[in-house]
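Visitor: Using this note's numbering, the letters of the sequence shown correspond one by one to residues 25 to 786. All C-beta atoms in this analysis are idealised placements derived from N, C-alpha and C, irrespective of residue type, glycine included.
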Amino acid sequence: MKKRLAIIGVFLSLGLVAFSTYKKPVVKSQDPKDIEQKVDSVLALMTLEEKIGQMVQYNGSWDVTGPATGTDNEKKLENLKNGLVGSMLNVTSVEHTREAQKLVMENSRLKIPLIFGYDVIHGYQTMFPVPLGESASWDLELMEKTARVAGRETAAAGIHWTFAPMMDISRDARWGRIMEGAGEDPYLNSKIAVARIKGLQGDDLSDAKTIAACAKHFAGYGFAEAGRDYNTVNVGIYELNNTILPPFKAAADAGVATFMNSFNEIDGVPATASTYLQRDLLKGDWGWDGFVVSDWGSITELIPHGVAKDKKAAAALAVKAGSDMDMEGGAYESSLKELIGEGKVDESLIDDAVKRILRVKFRLGLFNDPYKYCDEAFEKSELYSEANQKVALEAGKKSIVLLKNENEILPISNSIKNIAVIGPLANDKDSPLGNWRAHAVENSAVSVFEGIKNHAPKGLKVSYAEGAKLSTGDRSFLNPMTFNEDDKSGFAEAEKLAKSADLVVLVVGEDAFQTGEGRSQANIGFAGVQDDLIKAIQKANKNVVMVLMNGRPMDLSWSDKNVPAIVESWFLGSQHGNAVAEVLFGKYNPSGKLPVSFPHNSGMEPLYYNVKSTGRPDGGAQVTYSHYTDSPREALYPFGFGLSFTDFEYGDINLSANSFSENGEIEASISVKNTGEMAGEETVQLYLHDLVGSITRPNLELKAFEKVSLQPGESKTVKFTIDKKMITYFTANKKWEAEAGDFEVMIGGNSVDLKKANFEFK
Numbered sequence: 025m026k027k028r029l030a031i032i033g034v035f036l037s038l039g040l041v042a043f044s045t046y047k048k049p050v051v052k053s054q055d056p057k058d059i060e061q062k063v064d065s066v067l068a069l070m071t072l073e074e075k076i077g078q079m080v081q082y083n084g085s086w087d088v089t090g091p092a093t094g095t096d097n098e099k100k101l102e103n104l105k106n107g108l109v110g111s112m113l114n115v116t117s118v119e120h121t122r123e124a125q126k127l128v129m130e131n132s133r134l135k136i137p138l139i140f141g142y143d144v145i146h147g148y149q150t151m152f153p154v155p156l157g158e159s160a161s162w163d164l165e166l167m168e169k170t171a172r173v174a175g176r177e178t179a180a181a182g183i184h185w186t187f188a189p190m191m192d193i194s195r196d197a198r199w200g201r202i203m204e205g206a207g208e209d210p211y212l213n214s215k216i217a218v219a220r221i222k223g224l225q226g227d228d229l230s231d232a233k234t235i236a237a238c239a240k241h242f243a244g245y246g247f248a249e250a251g252r253d254y255n256t257v258n259v260g261i262y263e264l265n266n267t268i269l270p271p272f273k274a275a276a277d278a279g280v281a282t283f284m285n286s287f288n289e290i291d292g293v294p295a296t297a298s299t300y301l302q303r304d305l306l307k308g309d310w311g312w313d314g315f316v317v318s319d320w321g322s323i324t325e326l327i328p329h330g331v332a333k334d335k336k337a338a339a340a341l342a343v344k345a346g347s348d349m350d351m352e353g354g355a356y357e358s359s360l361k362e363l364i365g366e367g368k369v370d371e372s373l374i375d376d377a378v379k380r381i382l383r384v385k386f387r388l389g390l391f392n393d394p395y396k397y398c399d400e401a402f403e404k405s406e407l408y409s410e411a412n413q414k415v416a417l418e419a420g421k422k423s424i425v426l427l428k429n430e431n432e433i434l435p436i437s438n439s440i441k442n443i444a445v446i447g448p449l450a451n452d453k454d455s456p457l458g459n460w461r462a463h464a465v466e467n468s469a470v471s472v473f474e475g476i477k478n479h480a481p482k483g484l485k486v487s488y489a490e491g492a493k494l495s496t497g498d499r500s501f502l503n504p505m506t507f508n509e510d511d512k513s514g515f516a517e518a519e520k521l522a523k524s525a526d527l528v529v530l531v532v533g534e535d536a537f538q539t540g541e542g543r544s545q546a547n548i549g550f551a552g553v554q555d556d557l558i559k560a561i562q563k564a565n566k567n568v569v570m571v572l573m574n575g576r577p578m579d580l581s582w583s584d585k586n587v588p589a590i591v592e593s594w595f596l597g598s599q600h601g602n603a604v605a606e607v608l609f610g611k612y613n614p615s616g617k618l619p620v621s622f623p624h625n626s627g628m629e630p631l632y633y634n635v636k637s638t639g640r641p642d643g644g645a646q647v648t649y650s651h652y653t654d655s656p657r658e659a660l661y662p663f664g665f666g667l668s669f670t671d672f673e674y675g676d677i678n679l680s681a682n683s684f685s686e687n688g689e690i691e692a693s694i695s696v697k698n699t700g701e702m703a704g705e706e707t708v709q710l711y712l713h714d715l716v717g718s719i720t721r722p723n724l725e726l727k728a729f730e731k732v733s734l735q736p737g738e739s740k741t742v743k744f745t746i747d748k749k750m751i752t753y754f755t756a757n758k759k760w761e762a763e764a765g766d767f768e769v770m771i772g773g774n775s776v777d778l779k780k781a782n783f784e785f786k
């Protein structure tokens with residue numbers, strides 16, 4: 025009894041009671057030992073029901089500022105008041121998060137604050153480029169900056185935690201969620217994941233202008249068969265470790281606050297029930313101490329997966345595997361107490377999960393002040409601020425990739441006096457916001473037509489015709505999309521306008537909701553009547569600049585052969601049109617590089633640059649084991665590709681030595697010169713090829729890159745250090761090590777056009 029009273033005394037000293045008369049205390053120490061002591065003190069006071077409650081996350085399915093209607097919501101309300109809920113998602117704004125927090129702080133026994141989560145994927149109200157598009161910038165400082173702004177806006181809206189960044193390696197353009205990640209390469213994904221985590225979390229998670237990040241989806245989601253969302257994943261242990269897991273390991277090392285497990289199975293085991301991934305690897309070998317949240321309902325989805333017969337069995341599998349919080353599954357709150365009573369689940373597993381959840385809450389400073397994110401003045405000044413719009417414009421410009429520029433049609437010449445802006449997306453103010461748009465205001469983006477008018481020189485005539493509509497009907501989450509398949513009534517007006525113009529800017533691509541969760545497609549070409557519109561406009565006027573708006577690689581084979589200029593603009597967010605216009609008029613020299621390979625056709629998918637050699641790699645006249653007989657094998661636009669309004673010339677690679685050993689290193693340097701007439705940025709990329717390994721190795725792997733700015737005629741020597749860490753991989757010994765042997769180093773401006781040299785590791 026004396027021991028329990030002493031614990032209660034410690035608990036009271038933490039300022040965890042009497043929040044109905046709450047006064048903001050001085051921020052407590054964030055010393056890890058101090059936090060662990062507090063976590064243990066709170067845990068010691070909790071009943072089993074309260075512990076399980078911390079592992080439960082509810083969706084904000086009712087207005088928390090009003091009465092809860094319906095039996096389910098009334099039950100949820102009572103559980104909140106009784107301290108039997110640890111987290112809520114989709115509760116947004118200072119007003120609503122404060123009211124939800126008050127339900128707990130003014131009614132529950134222990135008054136453990138809620139943590140509020142929300143999907144902030146590429147901005148909260150200010151929208152930045154969709155993650156795949158922004159990854160094309162290859163600018164880590166930029167991506168940290170946009171994540172910081174997104175985090176600030178999210179924090180200003182009373183939210184503590186985002187379910188981002190997504191770091192699934194994505195090799196199949198048919199998969200709708202490819203737009204949420206950083207593409208096909210493990211190294212680039214790892215660097216971008218860390219940059220985004222740092223931007224969201226900052227240097228101090230207790231700062232009320234930062235939020236907790238979430239590494240998702242752990243793991244293998246981007247390898248879903250045939251790009252079909254939620255589908256089966258079949259990969260071996262080497263592919264898993266060398267390709268899929270590196271970004272997650274980088275995230276854990278960077279101190280990401282939370283992980284989210286994945287919907288898919290891997291080799292017969294659903295990720296949510298994978299002890300190997302969650303308990304053995306993440307929490308064991310990697311020593312990570314945050315908490316794992318399930319994806320939406322993924323614990324109860326163990327039932328249709330066929331590994332659990334009911335919620336009770338699913339809860340047992342998930343908690344044993346290391347899933348700490350149940351997102352809207354209802355399995356933990358309905359089953360864990362009974363499972364423990366029956367001896368089927370050890371309470372120590374519950375204690376471990378709850379400690380991890382409490383630890384993150386302490387790190388956020390929520391125990392010091394559960395209302396610290398409830399600042400109306402900050403909410404009002406931060407959301408969609410002028411400063412944030414400037415960052416959105418910067419991100420938009422840097423994410424654009426110039427794919428083709430025949431006869432230097434771009435930037436638009438001063439001799440052009442009449443521009444026709446045509447296409448179903450040309451004056452669209454909504455699609456630029458992209459999917460997963462959080463609290464973006466509908467139709468708030470700058471359209472391409474508006475952007476061109478904003479930046480057009482005086483005296484330049486700018487006209488517009490829609491040409492054809494793209495999508496029709498419902499565009500909402502997970503509902504099937506419908507497209508205009510036969511209405512060409514706007515073609516005549518568009519063709520007439522094209523014929524009268526000096527230049528056509530043709531804006532085509534995808535509706536914002538063609539990519540995202542549940543938006544997989546077998547055909548990655550132009551939907552609706554766009555193919556016919558493209559051909560009709562190209563026939564009417566050969567001087568065409570195609571501006572693509574999309575969230576995935578598309579089949580551009582006809583356009584590549586027939587359209588003189590192609591600009592990949594993705595979905596650039598709030599300032600989309602202004603960013604595109606600055607590039608078209610030469611106010612900004614595009615520097616983006618593709619983070620994914622673009623195919624000649626859908627049948628080439630999955631497509632990626634870092635392939636392996638087969639036993640018959642080159643074939644011959646009659647041998648086509650690694651080729652298609654009816655399609656090219658190589659990408660239409662390869663990974664790392666992107667043009668500029670200037671030209672860059674690479675010298676030969678210079679190695680400081682031809683070999684190195686255990687503690688040594690080699691410096692690889694190369695001269696890059698701007699041989700054009702315009703200042704520009706170039707992303708210099710270094711790839712390696714391990715010629716002989718204990719398992720088969722990719723023909724090339726990105727291992728380093730550096731962005732350089734060069735004035736016309738200027739040269740710079742770019743230097744890279746090659747050491748043991750760079751050549752280490754998960755070998756046949758099932759461990760991470762560097763193997764002695766010969767290597768090829770390749771440096772260039774994309775994954776195809778490369779200078780080469782050789783070295784040896786002894």
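Please tell me whether Ser683 and Glu784 are closer than 8 Å, where the distance is taken between their beta carbons.
Guide: Yes, these two residues count as a Cβ contact at 8 Å.
Visitor: Mark Ala416 as exposed unless 16 or more other C-beta atoms lie within 10 angstroms of its C-beta, in which case mark it buried.
Guide: Under this definition Ala416 is a buried residue.
Visitor: If you run the structure through DSSP and keep just helix, strand and coil, what is Phe501?
Guide: Phe501 falls in the coil class under three-state DSSP.
Visitor: Can you find at least 3 beta carbon pairs, one from the segment 227-239 and one from the segment 564-576, that sit closer than 8 Å?
Guide: No, the segment 227-239 is not in contact with the segment 564-576.
Visitor: Could you pull out every residue in the same chain whose Cβ sits closer than 6 Å to the Cβ of Ala781, ignoring the five residues on either side in sequence?
Guide: Answer for Ala781: Ile677, Leu679 and Val769, listed in chain order.
Visitor: Let me confirm a value: Ser214 is counted as buried when at least 16 other C-beta atoms fall within 10 Å, else exposed. Which label applies?
Guide: It is buried - the Cβ of Ser214 has at least 16 other Cβ atoms within 10 Å.
Visitor: From Glu158 to Asp747, what does the alpha carbon distance come to, in whole angstroms?
Guide: Distance between the alpha carbons of Glu158 and Asp747: 29 Å.
Visitor: Here's the rule I'm using: 16 or more other beta-carbon atoms within 10 Å means buried, otherwise exposed. How should Thr638 be labelled?
Guide: Classification of Thr638: exposed, given that the 10 Å Cβ count is below 16.
Visitor: Gln81 bridges to which residues according to DSSP?
Guide: The partner list for Gln81 (beta bridge, DSSP) reads Ser111 and Met351.
Visitor: Is Ile59 helix, strand or coil by DSSP?
Guide: Residue state, collapsed to three classes: helix.
Visitor: May I ask which residues mark the beginning and end of the alpha helix (DSSP H) holding Val776?
Guide: Note, Val776: premise wrong, no alpha helix (DSSP H); not H, not E.
Visitor: Please classify Met25 as buried or exposed, where buried requires at least 16 neighbouring CB atoms within 10 angstroms.
Guide: Interpretation of Met25 is limited by its pLDDT of 36, a score under 50 that renders its predicted location unreliable; no figure is taken from the coordinates.
Visitor: Are at least three pairs of beta-carbons, each pair with one atom in the segment 524-543 and one in the segment 433-443, less than 8 Å apart?
Guide: Segments in contact, yes.
Visitor: For Asn678, which residues does DSSP report across the bridge?
Guide: Note: Asn678 sits in a beta bridge opposite Ser693.
Visitor: Verify whether the separation of the beta carbon atoms of Ser85 and Ala181 is less than 8 Å.
Guide: Result no, Cβ atoms of Ser85 and Ala181 do not sit closer than 8 Å.
Visitor: Rounded to whole angstroms, what is the Cα-Cα separation between Glu470 and Ala295?
Guide: Correcting the residue identity first, residue 470 is Val in this sequence and not Glu. So the alpha carbons of these two residues sit roughly 40 Å apart.
Visitor: According to DSSP, what are the bridge partners of Ile590?
Guide: Paired residue(s): Lys428 and Met570.
Visitor: Does the Cβ of Gln61 have 16 or more other Cβ atoms within 10 Å, making it buried, or fewer, making it exposed?
Guide: Exposed.
Visitor: Taking the DSSP output, what are the residues bridged to Asp875?
Guide: Outside the shown range of the chain (25 to 786) lies residue 875, about which nothing can therefore be said.
Visitor: What distance in whole Å lies between the Cβ atoms of Gly664 and Ser775, which are believed to be in contact at a cut-off of 8 Å?
Guide: The pair is a contact, with the Cβ atoms about 4 Å apart (cut-off 8 Å).
Visitor: Quick one: what does DSSP say Gly533 is sitting in, helix, strand or coil?
Guide: Gly533: strand per DSSP, three-state reduction.
Visitor: With DSSP collapsed to three states, give me the class of Ser44.
Guide: Confidence is the limiting factor: at Ser44 the pLDDT is only 35, short of 50, which leaves the residue's position unreliable and the question unanswerable from this model.
Visitor: For Asp555 and Gly542, I'd like the C-alpha separation in whole angstroms.
Guide: In a straight line, the C-alpha of Asp555 is about 24 Å away from that of Gly542.
Visitor: Between the segment 396-409 and the segment 479-495, can you find at least three pairs of beta-carbon atoms closer than 8 Å?
Guide: Touching, no.
Visitor: When burial is assigned at 16 or more other CB atoms within 10 Å of the CB, is Trp760 buried or exposed?
Guide: Counting Cβ neighbours within 10 Å, Trp760 comes out exposed, since fewer than 16 surround it.
Visitor: Below 8 Å, how does it come out for the segment 471-486 and the segment 503-523: are there three or more Cβ pairs, yes or no?
Guide: Counting Cβ pairs under 8 Å, fewer than three are found: no touch.
Visitor: How about the segment 358-375 and the segment 118-129: do they share at least three Cβ pairs that are nearer than 8 Å?
Guide: Touching, no.
Visitor: Which residues in the same chain as Ala536 place their Cβ atom closer than 8 Å to its Cβ, once the five residues preceding and following it in sequence are excluded?
Guide: So the qualifying residues of the chain are Asp454, Ser455, Pro456, Leu457, Gly458, Asn459, Arg461, Arg499, Gly575 and Phe595.
Visitor: Is the number of C-beta pairs between the segment 360-369 and the segment 325-340 that are closer than 8 Å three or more?
Guide: The segment 360-369 is in contact with the segment 325-340.
Visitor: Would you report the Cα separation of Val604 and Ser621, rounded to the nearest angstrom?
Guide: If you take the alpha carbons of Val604 and Ser621, they lie about 22 Å apart.
Visitor: Give me the DSSP bridge partner(s) of Lys636.
Guide: Note: Lys636 sits in a beta bridge opposite Pro722.
Visitor: Whole angstroms is fine: what's the gap from Leu502's alpha carbon to His146's?
Guide: Rounded to the nearest angstrom, the two C-alpha atoms are 19 Å apart.
Visitor: Determine the DSSP secondary structure at Met151, reduced to helix, strand or coil.
Guide: In the structure shown, Met151 sits in coil (DSSP, three-state: anything other than H, G, I, E or B).
Visitor: In whole angstroms, what is the alpha-carbon distance linking Phe754 and Leu426?
Guide: Roughly 36 Å between the two C-alpha positions.
Visitor: Roughly how many angstroms lie between the CA atoms of Ala589 and Ser583, to the nearest whole one?
Guide: Each residue's alpha carbon lies about 9 Å from the other.
Visitor: Assign Ile145 to one of three DSSP states: helix, strand, or coil.
Guide: In the structure shown, Ile145 sits in coil (DSSP, three-state: anything other than H, G, I, E or B).
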